[in-house]
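Undergrad:
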Amino acid sequence: MRMTGLFFNTLRETPADAETVSHQLLVRAGYVRKLTSGIYTYLPLMLRVIKKISGIIREEMDAAGAQELLMPILQPEELWRETGRWEVYGKELMRIEDRHGRMGALGPTHEEIITALVRDEIKSYRQLPINLYQIQDKFRDEIRPRFGLLRGREFLMKDAYSFDADEAGLEENYQKMARAYTNIFNRCGLETRMVRSDSGAIGGSVSHEFMVLTGTQSGENDVLYCDSCDYAANSNRAESRMPPADTNGKFPEAKEVDTPGIKSIEDLAGFFGIEQSAICKSLIYIADKKPVMALIRGDRAIEETKLKNALGADDIRIAGDAEIRECTGLEPGFLGPAGVNIKIVGDESIKELENFVTGINKADKHLSGAGWNREIELPETIADIRLAQPGDICPECPGKLEITRGIEVGNIFKLGTKYSEKMKANFTDENGREKPFIMGCYGIGVSRTAAAAIERYHDKDGILWPMAIAPYHAVVVPVNVSDELQMSTAEKIYNDLLDSGIETVIDDRDERPGVKFKDADLIGFPIRITVGKTLAEGMVEVKSRVGGEVLKVPLEQAAARVRELKESKNV
RNA sequence: CGGGAUGUGGCGCAGCUUGGUAGCGCACCUCGCUUGGGACGAGGGGGCCGCUGGUUCGAAUCCAGUCAUCCCGACCA
């Protein structure tokens, strides 16, 4: 490709509306342009990256026995009603009405469609297992699109759906997909960690996410992982064991204490001269519009996803002070589980508390030295609703948990019969009995993977694409296009490279060298061949974008050297 | 939806407080010069100042409404 003909435009300045590195670089380097919030045009450079990633996905999915198909973006309301998700999925489901007044939705995911298809096409266990996938634009009307391609409303996704006759089959497919995903991301040059996660709106029993770990840099998820075993989980799912609460006998007897204006856990600990872990903290949440009290050890935080699951609620949020007074008649700051007539959920951490401090729903008073089933009933519902923290003990070994940010690029779910039962998608087993399909689903954010790669690999000058997903492998830069020898040499090397299968761009623009070098760095061509002053010695320069030395190479060896560099692991 | 901010040529911004015919840098076009890390000189083109309404002799500037975008939270590939 000739740069003079390539449809791209680099920007010297960072666009004002881009916050994230990947977003900034994608816009600056001419990969994407925003159409409207969360919706982007992929320019030719970007499309090449997308095709590279998609290609790797196709190869690995096919190798794992999956078959590609393509389903429609527009989906009819009736199918979503069959699973009940027309109501449940919420506003994220982009609903539209056609000219006949029929309702539909732009597909945010395709469980309903694939299940309806397989229900009609597959009747016998003999036709199972099967795994079908597509790479397709998805639309989710996100509450708040952000971070450029990391969270768009329209995005490219690979989604696969497996159908099995039994759990063992599902397990096999699940493992196959886990392996395929590991291969896919490895081949994309991305190190990922498979972590346990909450299964959210897609549902199902078991799910794992594939995270590109970004340390403290960026990413929307917190991942907790063990420093000595392979336990890793999204913070919305991570379990942990904690150091015990420090309640050692400061209050041998229960006693009501005046605590005027002492409301926060911090203030209480100071007031009583105790550790925060010796306090039982009471919080009011609104779960599906009803107030609920959540109890947790004072030094700990609630994990809202866990609480939501423990309650079986669809929607949950913390209540404001005014709301607490209004819905419960209780006084914020002095809340406690005693004599409350709303649902109470206790975190496991409170069970161990002895002679602790808690509110008793009396203004300016707390109870010290409280004990369960003495002064206060232990709530019936006890669950893990606690946010695991770094430093906690791993749930599976004596190791310690550490925390890192992560970008979720893939997700695999065991759906079981969640969809097939509701949609009456059955097959006949070997005994002639009708059974619902056992399903799994497996997603990869294709466009997000590209953005995640940039988040992970960039420097102050631009993108450092892994070779496998770079839009081109190399760029040939003639320093001065009006120098005929430089130009003809550059052309020759360019053609040699193309002939040897290196995807190459020649920067034939009549620009000063500084401009070309800056653009090459920004766009992130993994290898640059510079044809300039060293030509007098019969040499050109070969340089890897990630750094390392500039190699002076005799021109007839240039193509071979580039090929070598491309195959090596250090680009 | 709650909290915060911003809308001025393609991009980044100033001007607004204190109303008076819209400005800078980048990019773009022409000519010259230059060619190893975003050169330089000269000339040039391009703006419904987000939109609607109001105040005023006069509004980018003041007022009201509205729309859009971005950041923080609930969502997730």
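Just so you know, we're using my numbering here: the first sequence kicks off at 44 and counts up by one. Ideal Cβ positions, reconstructed from N, Cα and C, are used throughout, including at glycine.
Any chance the segment 448-466 sits against the segment 232-241, with 3 or more Cβ pairs inside 8 angstroms?
TA: yes
Undergrad: Starting from Q118, follow the beta strand (DSSP E) in both directions and report where the run begins and ends.
TA: 117-119
Undergrad: For D562, which residues in the same chain have their Cβ closer than 6 angstroms to its Cβ, ignoring the five residues on either side in sequence?
TA: Cβ contact annotation for D562 (same chain, cutoff 6 angstroms, sequence separation greater than five): T53, in chain order.
Undergrad: Give me whichever residues DSSP pairs with C269 in a beta bridge.
TA: BP columns for C269 point to L444.
Undergrad: Do V489 and S89 come within 8 angstroms of each other at the CB atom, strictly closer than that value?
TA: The amino acid occupying residue 89 in the given sequence is Met; Ser does not appear at that position. Not closer than 8 angstroms, so no.
Undergrad: Between V335 and I403, is the Cβ-Cβ spacing less than 8 angstroms?
TA: no
Undergrad: In whole angstroms, what is the alpha-carbon distance linking F456 and E210?
TA: Near 13 angstroms, if we compare the C-alpha coordinates of E210 and F456.
Undergrad: Specify, as a first and last residue, the run of the beta strand (DSSP E) that G488 falls within.
TA: G488: member of the beta strand (DSSP E) spanning 481-488, first to last residue.
Undergrad: Is the beta carbon of D357 less than 8 angstroms from the beta carbon of D331?
TA: Contact flag set, yes.
Undergrad: Leaving aside the five residues before and after I227 along the sequence, list all residues of the same chain whose C-beta is less than 6 angstroms from its C-beta, in chain order.
TA: The answer, listed in chain order, is I99, I100, E103.
Undergrad: Quick check for students: name the residue ranges of the alpha helix (DSSP H) that lie wholly in the segment 337-381, counting only runs of 4 or more.
TA: 347-354, 364-371
Undergrad: Take P422 and list the residues in its own chain whose beta-carbon comes closer than 7 angstroms to its own, dropping the five residues that flank it on each side.
TA: L338, P380, I387, V388, G389
Undergrad: I156: which of A511, I545, A468, D539 sits nearest, CA to CA?
TA: A468
Undergrad: Please give the ranges of any beta strand (DSSP E) in the segment 132-208, keeping only runs that are unbroken, at least 3 residues long and fully inside the region.
TA: 137-140, 146-149, 173-182, 197-207
Undergrad: Have a look at the DSSP bridge pairing and note the partners of V519.
TA: I549, I572
Undergrad: Skipping 5 residues on each side, what residues in its chain have a beta carbon closer than 8 angstroms to that of M114?
TA: G150, H153, I156, I157, L160, Q177, Q179
Undergrad: Leaving out five residues before and five after I305 in sequence, what residues of the same chain have Cβ atoms less than 6 angstroms from its Cβ?
TA: L311, F314
Undergrad: Could you work out which residue in Q600, R45, G412, V75 is closest to G191 when comparing CA atoms only?
TA: The shortest C-alpha separation from G191 is found at V75.
Undergrad: Ignoring anything shorter than 4 residues, give me the alpha helix (DSSP H) runs that lie fully in the segment 45-131, in order along the chain.
TA: Look at the segment 45-131 and you find these whole runs of alpha helix (DSSP H), each 4 residues long or longer: 64-71, 87-106, 120-126, 128-131.
Undergrad: Just verifying my parser: in three-state terms, what is the DSSP assignment at G212?
TA: helix
Undergrad: Which of the three DSSP states, helix, strand or coil, is assigned to N474?
TA: Note: N474 maps to coil in three-state DSSP.
Undergrad: Whole beta strand (DSSP E) runs in the segment 374-434 with 3 or more residues, listed along the chain?
TA: 386-390, 399-402, 408-413, 424-426
Undergrad: Roughly how many whole angstroms lie between the Cα atoms of K461 and W129?
TA: Rounded to the nearest whole angstrom, the CA to CA distance from K461 to W129 is 15 angstroms.
Undergrad: Out of D504, W415, V548, state which residue places its alpha-carbon closest to the alpha-carbon of L68.
TA: D504
Undergrad: Whole-angstrom Cβ separation of R340 and I419, contact assumed at under 8 angstroms?
TA: That pair is no contact at about 15 angstroms.
Undergrad: Hey, how far is the Cα of S271 from the Cα of I329?
TA: 38 angstroms
Undergrad: Since R194 contacts F182 with CB under 8 angstroms, what's their CB separation in whole angstroms?
TA: Incorrect: roughly 13 angstroms between the Cβ atoms, too far for contact.
Undergrad: What are the boundary residues of the beta strand (DSSP E) that E299 is part of?
TA: 298-301
Undergrad: Taking the straight line between their C-alpha atoms, what separation do you get for L267 and K576?
TA: 52 angstroms
Undergrad: So P597 is in the beta strand (DSSP E); what residue range does that whole segment cover?
TA: 594-597
Undergrad: Does the Cβ-Cβ distance between V583 and V574 come in under 8 angstroms?
TA: yes
Undergrad: Could you give the DSSP three-state label for G557: helix, strand or coil?
TA: helix
Undergrad: Provide the residue(s) that pair with L256 in DSSP beta bridges, ordered along the chain.
TA: G449
Undergrad: Can you tell me which of the three DSSP states M237 falls into?
TA: Three-state DSSP puts M237 in a strand.
Undergrad: Cβ of L458 within 8 angstroms of Cβ of G475?
TA: no
Undergrad: With which residues is R284 paired in a DSSP beta bridge?
TA: DSSP output for R284 lists I436 as bridge partner(s).
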